[in-house]
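Residue numbers (this note's numbering): 5 to 59.
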C-alpha cells in the first residue's frame, strides 16, 4: 500500500512540473511579442519625428 502512495505522489509531482514547464515558454513568447511591438512603435515614432522635423 505504501508503494502505491509513493508512486501516486511521484506521478502528481511530475505532472505538476510538466504543466508548469509547458506554461512558462508561452509567457516568454508573449513578452517577446510585446517587446517587439514596443520596439516597432519606438522606431516608428522616431521616423515620424525625423520626418516632421525636416518640414
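We put the beta carbon where it would ideally sit given N, CA and C, even for glycine.
Asked: Could you tell me the alpha carbon to alpha carbon distance between residue 6 and residue 18, rounded to whole angstroms?; Found: 19 Å
Asked: Distance, Cα to Cα, residue 11 vs residue 37?; Found: 40 Å
Asked: Return the CA-CA distance between residue 44 and residue 34, expressed in angstroms with no decimal places.; Found: 15 Å
Asked: To the nearest angstrom, how far is the alpha carbon of residue 47 from that of residue 25?; Found: 34 Å
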